[in-house]
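Have a look at the structure below before the remarks.
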Amino acid sequence: MTLALVVMALIIVFCYLAGAPLGYGLIAGGCAFLIVSGTSLTEASQAIVGGITANYVVLAVPLFIFTSTLLNSSGMTDRIFRFAQLLLGESRGALAQVNVLATLVFSGMTGSAVADVSGVGVMSVRA
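So the sequence shown is residues 1 to 127, counted in the numbering used here.
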């Protein structure tokens, strides 16, 4: 391990043990890594963006979440949920069955489990 990685890990562990929020510890550790390693902020940001755009799965997940947010704000997930509820009716355990059917419809549109959870899952929690 290089010195920069050791310093970063120590700062993250120290912040965790000190009771600081995890995000602050990660930010402090990342800044310490950049300072100790001598990497410029431009090089680091180019490496991050290059790594994300090279992996299409990592790039697709935020776009699916964005799509599900658009569907939520437009009311489409409400319509999908009501359609599934009309098909299944009001019976015992209907919410779980409606959730499965709505997820089936939504996954047919998006093809992503993450988008299902972020889109239909929000509706199921509210119900």
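Glycine is no exception: its CB is placed at the ideal position from the N, C-alpha and C atoms.
Sub-7 Å separation of Gly-29 and Ile-12 beta-carbons
A Cβ-Cβ contact shorter than 7 Å links Gly-29 with Ile-12.
Can you check which of these residues, Gly-19, Ser-45, Arg-92, is closest to Cys-31 by C-alpha distance?
Ranking the options by Cα distance to Cys-31, first place goes to Ser-45.
Give me the Cα-Cα distance between Leu-87 and Ser-37, rounded to the nearest whole angstrom.
Approximately 60 Å between the Cα atoms of the pair.
Using CA coordinates, which residue listed in Pro-62, Ala-4, Phe-64, Thr-42 is at the minimum distance from Ile-35?
Selected option, being the one with the closest Cα: Ala-4.
Alpha helix (DSSP H) segment containing Pro-62, residue limits:
First-last of the alpha helix (DSSP H) with Pro-62: 56 to 74.
Does DSSP put Glu-90 in a helix, in a strand, or in coil?
If DSSP states are grouped into helix, strand and coil, Glu-90 belongs with coil.
What three-state label does DSSP hand Ala-18 in the structure shown?
Residue state, collapsed to three classes: helix.
How about Phe-81 and Ala-60: do their beta carbons lie closer than 7 Å?
With a cutoff of 7 Å on beta-carbon distance, Phe-81 and Ala-60 are scored as not near each other.
Length of the line joining the Cα atoms of Thr-39 and Thr-53
Spanning the two alpha carbons is a distance of roughly 21 Å.
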